[in-house]
Each structure stands twice: as C-alpha cells, then as structure tokens.
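Residues 81 to 770 in this note's numbering are what the sequence shown lists, from first letter to last.
We treat Cβ as the ideally placed atom computed from N, Cα and C, and that holds for glycine.
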Amino acid sequence: MNTTSSNPLNSLRVSSLKGIGEKTEKLFRKVRVDNLNQLLHYYPRAYDVFEEPVEVTEARAGARQAVAVTVTAPPVVNRKGRVPVTVLNCRGIGRTLEAVWYNMPYLTGVLKKGARLVLRGNVIKKGSRLVLEHPQVFTKEEYEQNRAAIQPVYGLTAGLSNKTVSKAVRQVLDRYVMQEYLPSAVLEEYGLAGRDEAVTAIHFPKDEETLRKARRRLVFDEFLLFRLGLFRLKSGEDASVNHYPMGKTSLTGKLLDSLPYKLTGAQKKTWQEIEADMTGSKTMKRLVQGDVGSGKTILAFLAMVLAFSNGVQAAMMAPTEVLARQHAGSFAKLMSDAGIKDINCALLLGSTPAKVKKEIYKGLEDGSIHAVIGTHALFQEKAVYKKLGLVITDEQHRFGVAQRSVLSEKGDIPHSMVMSATPIPRTLALILYGDMDMSVLDEMPANRIPVKNAVVGPEYRKTAYKFIEKQVAAGHQAYVICPMVEPNEEFPVENVTDYSKALRKVFPKEISVDVLHGQMPSADKNEIMQKFADGQTDVLVATTVVEVGLDVSNATVILIENADRFGLAQLHQLRGRVGRGKDQSYCIFIKSDSEGETPERLSIIESSNDGFAIAREDLKIRGQGDLFGLRQSGESGFLLADPLQDGQILLDASKAAEDILEKDPSLILPEHEMLSFVLKEQAETDNLEL
Ligand code: ADP
Ligand code: MG
C-alpha cells in the first residue's frame, strides 16, 4: 500500500494561485499560511451580514448603517491636515449626511456625479452634523451581491485584505475537491455534512443553516482526531502505580504558616487531596479548577515543596513567559519568607540565552536543580531530567495531543496536576484530560473587593478616559482591550494600532501608553508585558493576549472596546486582570453601538463576578448558537472547536472514535485508510508553539 502521497494541497504554495505574488505570499506567511491546505484551514474569524440599505433621511447617529446615495456633486478633498480628507455631501429630504474618508484621495474616481452607491459605516454626530465615518464604498449592484450571502471576515494583517483572502480560498475550492476521510457509516450515523461541502460552506456559507452544519462537521473532525490521537497515546501509560511514592513533610506546614493569609476552605481541601494523591498508591492525575483569582498558584507551590522534600524534581509550565517569570519570582519570595532555603528552582524560557539554558539542562540532568518553572521550553528535547516526578501545567487551555505525549515522556509517568480557570463539566473533562480526578476551588479569598462593572455606549468614552487618567494619577495602571490588531475596512471594530495612537493624543504626555498584540515577535511581547508588570507603563492597549494569568495587582481599570464582540468566558477572563489587589477595581465594557438593547451577554457579565455562574449562562446562550461573534483565537488547541460550547459534539465524536478503534484498533481496514493517514499527518504538524 503506497500512502506516501500526502495531501497534495500541502505541497502547493499559496503563490501557485492566480494573482498572488511574492508580496502577498509574505503577508500570508505572517498569518501562518504557507500552502493551500493551510489556506483552507484559515477559517473566517467572523461573518458579516450586510444590512438592508437605508435612505439618507433614515440615517441615525450611533449605529452602523448602509446608506444608499446618489452622488449629486463631486467630493471635496481637503489636503490641509496630516492626511488628505475626502468629504462627500449626501442629500436626503430634509437632511444632509456627510461621508468622510481619511487618506483615500483616489476615491474621487469612484464618487462621480450621478453614481449610485451604497456607503457602509458608522454614523456619528459631530455638533449638528451627521457624519458617516470612513465608510466602505460599493456600487449598488456590488452591494446587492454581498447581501445575497453571508460574508466571511478574515483579515487581521495590514495589506492582506478580506478580498484577497476570499478570492484565494475561492480559487482553491473551485480547483480541488476535498477528499472525504470519514467512513460513510460515521457520516450517516451522526448526520454529518461531507468534507468538501463543509469546507466550502465554512468559508462561503449560503445561509445560517449551512454554516451551522459545516461548523458541526469540522468541529466533529477536530474532536475525533484528537480522541484517536489520545487513545493511541494512552496505551503506553500505566498510572495504576505510584512511581514516585512520597512521604508527608513539615516543610509544607512551614510554608503555610509563613503566608500572609490563611488558605480558604476550598484551598485546604484541595491541598489535602493533592497531598493524599502524591503520598498514595497511584500516580496523581488531578485537574484543579478554580475561577480567576481563587488562588491556584499556592497549591502548585505546596506540591513542589512536597516533591522536593522527597528528592523528586518538579516542573511547572505556564502558557506565557511573563507568567512563568511571575511564578518564579513569587516562588522565590515565598520560600525565602518561609525560611526554606535549599530548593534550587530555575526559570527556563524560550528566550533564555543559550548559555544559561545549557547550564539549566545540566542541572536538571545531574539533579542539582530541584524545581523548574517555565514555558514549553521545559519539555524540549534537550531537557533531560534526572528524576522528574511532578509536572504542573498552569492555565491549561490547550488540549494538544503532541504536547501531552512529550510531557509524559519526560519522566517515568510523573504525578501530574493541571490548573485551569475554565469550568468544564466532569463528563467533558474525562474525555479531554483523560482519567483525571477533579478538585474545584469554589470559594474566593475573603479579602477581595468585587470589581465594579459598567456597560456603556461609545459616547461614554471621554468620561472613561478621564476616569483612567484619575486612576493613573493615583498611581494605578489600566488595560484597554480592542478586538483587532490593525484597521480592517470590512470589519469596523476597534484596533490596537489606531487606538493607541489616538489615546496618546487624548492623554497628557506624562501618561505612558504601550501596545501589545499576538502578532508581535515574542521578545517584544515579553518586554512590553514585563514593563507593564513592573509598573513602567501606565496604560496597555492590547488584544486578548493579556487574558491569561497575568497578575498585575496595581492595575485597577480595564476598558474593553466592542465588548459585545467577545464571548462571555473571554470577557470574564479579561476582567480577571483587575481586582487582584487591595484597591477597588473597575471594568468598563463599551458596546459597539449605543442604540438598541444591551446584548444579553453584557447584562450577565455586568451583574455577576462569578466565573462558574457566567459559564453556565454562557452555555445557555451559545447553545442556541452565536455564530456571528468573533471566534476566539485557537487557544484551546483547536481551530474551531470549543470544548464547552461543543460539548455534545465532543461526546459524539468521542463515541465515534471508540467505535472505530474497537472495530479496528490499528486502523488498517480500507475504510479507515484515509483517516489513519490524516491522523499521522496531524501528529507530524502538531507543534508546541504557543
Ligand atoms: P489564580 O487562581 O487566578 O491563579 P492566584 O493563585 O494568582 O489566582 O492568586 C491570586 C492572588 O490571591 C495572589 O496574589 C495570591 O497571593 C492571593 N491569594 C491566594 N490565596 C489566598 C487566600 N486564601 N487569601 C488571600 N489571598 C490569597
Ligand atoms: Mg493563575
């Protein structure tokens, strides 16, 4: 059987498409799309439904609208300022609407007298005038075409327009048919769309129903492949014995006594469970779930101390370098406060200089380093441990199979502890994490002051800025969150690039504003996060990259733009960045649109600070399918799937995987040939980069 011919799309570069040259190829590479297969997996981040156009007379401030206009007089280009401003006066009965574009003087070629156009953008009020801000321009016919279907929204990188991406995807879909790899019995049993149909519809859905069906199929695939991969992994594991049996130690009591606080009841109970696991007869496999701020970190540190006193190495992995640094810092401080002097704990990051890394590797191998805190660098090939008996993963949201296989290979089945703020029901946790025991931290430390919330419209911004200014003057710091990195004409939401520039003008010079987003080189990201953590930056304008774990207790305000565009869980994580210290904190959610009702999601988050309750409400809402919100970047390790929202699909796919393996454990039957192939391919491309 010759299966060397892998998916042909893998070996075709994006530049093999018509109209894509070197320059565009480079832009695609920036979003990690090199070949045509990756291009097809570059799923839209959101979908757009074009509104029915209104007449000038019906234009109203505070909303995004599509306005049908007939050009009666050519536009005026004002070149006095920094950028040329193009202004077109659109007249309606009893009302004039001013359409304004920045830095687009060539529009005069399109805005010709007599042209019938649709202008789509935000309508705002400037004094007594109504202004349509930097709208998209369509001919009437173009606009009608767009209205006929749901439009995908991709663009996140400057220069790579939505049009370019969708044209490229369209070409691939027109040229190639996606091969089906699921056995027809599975397709039938679970009522799944065919692969080609699904991939086509996720990019260009005819209607909501098709989109929903396409999504279900692709999510099913992600879970199925995950499950199949996991089953294969598990066969080699034996956790029924404790490979690192331990005895209790007085050092943990010493650490507890020296803390400036008492553990909550939930923390105490969980610590007892962890201690019982590690000193018991089986290998610990424990998932610790606790809302943001519930105090998970100290439990990890206690376990590390227990491991140390039993002569066993411990490794703690965090999802970002800044968080790892922060953990290492607090570990060192707590040990010193407790007078525990002998633990040699290293910090190992991707960005650690090669020379230092080498020394750390040496220490891990000869056992002179007892504990190590870091990022995925902890588990790179070169890291060899003398006696790794405890592996802790903090803020674990990724369920990558490859990652887990590497982890379990580093030690002879070490005790493992996973800490997460995502409240996953037990049935799903069993599938996603394998057979783990669960502890839930359902109690907050008593001294917390609840964050004060406000959901407001864009017209409140000025007041919010003044408020931030005051907080900064009082010595505090603030986060501002925008959904996008760069401006995107097709998707008019706030972006950190423009927003930070604007904020620098709004604030007095003394207030320092910095920018952070996921597309920056990681060295820059670290530096900026570190500066903020050290209090050198007052206001950090960021995308959702800040959502995980970061603990800057001096930050007391977080302002979230286009709050309605985020999922509830994500809003809660973001809010968790403040309210971590002794001072009153505030979360300001700005709606995209001041008119209309407040979306249900925002009312929920405004009235509750309880992450688990919010997650339950979230599921209820999303159960009905919120297809049009911004898709959260694949932080779970899946592209489309969301283990919480897609719980039922996860159960289905898991069942399908079990059935397949029961019938054909090595996947050698002809109907599983393609599947086996895809699985192998995935194992090879799954990478550990976060
Ligand atoms: P998370 O569960 O989000 O990881 P952390 O472990 O970062 O929370 O804890 C958040 C803050 O609360 C830290 O500054 C920590 O020192 C503090 N903390 C932890 N447990 C308690 C407690 N029982 N009482 C008071 N403060 C606590
Ligand atoms: Mg944490």
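With a CB to CB cut of under 6 Å and the five nearest residues on each side skipped, what residues in its chain are close to residue i?
i, result
"V498", "L367, T473 and Q476"
"W181", "T166, L187 and H214"
"E686", "N533 and V535"
"D732", "Y270"
"S361", "N322"
Could you check whether the Cβ of residue i sits closer than 7 Å to any heavy atom belonging to the ligand MG?
i, result
"K376", "yes"
"D474", "yes"
Going by DSSP in three states, residue i sits in which element: helix, strand or coil?
i, result
"K532", "strand"
"Y256", "coil"
"H652", "helix"
"F303", "helix"
"F718", "coil"
"E769", "Reliability fails at E769, whose pLDDT of 39 lies under 50, so the model's placement of it is uncertain and the value that follows must be treated cautiously. The answer is coil: DSSP assigns E769 none of H, G, I, E or B."
"A273", "coil"
"F646", "coil"
"T137", "helix"
"F218", "strand"
"T83", "Low confidence applies here, because T83 scores a pLDDT of 39, under 50, leaving its location unreliable; read the following figure in that light. In the structure shown, T83 sits in coil (DSSP, three-state: anything other than H, G, I, E or B)."
"E751", "helix"
"Q557", "strand"
"Y513", "helix"
"Q406", "helix"
"G691", "helix"
"T329", "coil"
"L232", "Looking at the sequence itself, residue 232 is Pro, so the reference to Leu does not match. Here P232 sits in strand by DSSP."
"V626", "helix"
"I453", "strand"
"N575", "strand"
"V372", "coil"
"R427", "In the sequence as presented, Arg is not what sits at residue 427; that position holds Leu. In the structure shown, L427 sits in a strand (DSSP, three-state: E or B)."
"L191", "coil"
With a CB to CB cut of under 7 Å and the five nearest residues on each side skipped, what residues in its chain are close to residue i?
i, result
"P263", "E751 and H752"
"L78", "With the chain covering only 81 through 770, there is no way to say anything about residue 78."
"G327", "T359 and N390"
"S633", "R660 and G661"
"V531", "R655, V658, G659, S665, Y666, C667 and N689"
"L508", "P723, G727 and L730"
"L386", "M326, T329, T332, E355 and M358"
"D631", "Q406 and R660"
"L92", "N115 and L116"
"G161", "none"
Let me check one thing: in DSSP terms, what residues is residue i bridge-paired to?
i, result
"F669", "V535 and I640"
"E178", "N169 and V211"
"I472", "M396 and M497"
"V203", "A143 and L212"
"E158", "According to the sequence provided, residue 158 is Asn. The question's Glu does not apply to it. Paired residue(s): V165."
"T507", "In DSSP, T507 forms no bridge with anything."
"D726", "DSSP output for D726 lists no bridge partner at all."
"E518", "Here the sequence assigns Met to residue 518, which means Glu is not the residue at that position. L367, per the DSSP bridge assignment."
"R93", "N115"
Within the present structure, is the beta-carbon of residue i separated from the nearest heavy atom of the ligand ADP by less than 7 Å?
i, result
"L596", "no"
"D287", "no"
"P399", "no"
"A553", "no"
"T359", "no"
"P525", "yes"
"K342", "yes"
"D631", "yes"
"Q118", "no"
"A613", "no"
"R660", "yes"
"V372", "yes"
"Q347", "yes"
"A412", "no"
"A501", "yes"
Sorted by chain position, which residues of the same chain lie with C-beta nearer than 8 Å to residue i's C-beta, five sequence neighbours on each side aside?
i, result
"L770", "The predicted position of L770 is uncertain, since its pLDDT is 32 and thus under 50; a value taken from the coordinates is nonetheless stated next. The residues are P399, T400, T455, H456 and R478."
"L343", "L336, W351, G375 and I378"
Of all the CB atoms in chain C, is at least one closer than 8 Å to the CB of residue i?
i, result
"K546", "This model lacks chain C altogether; it includes just one protein chain."
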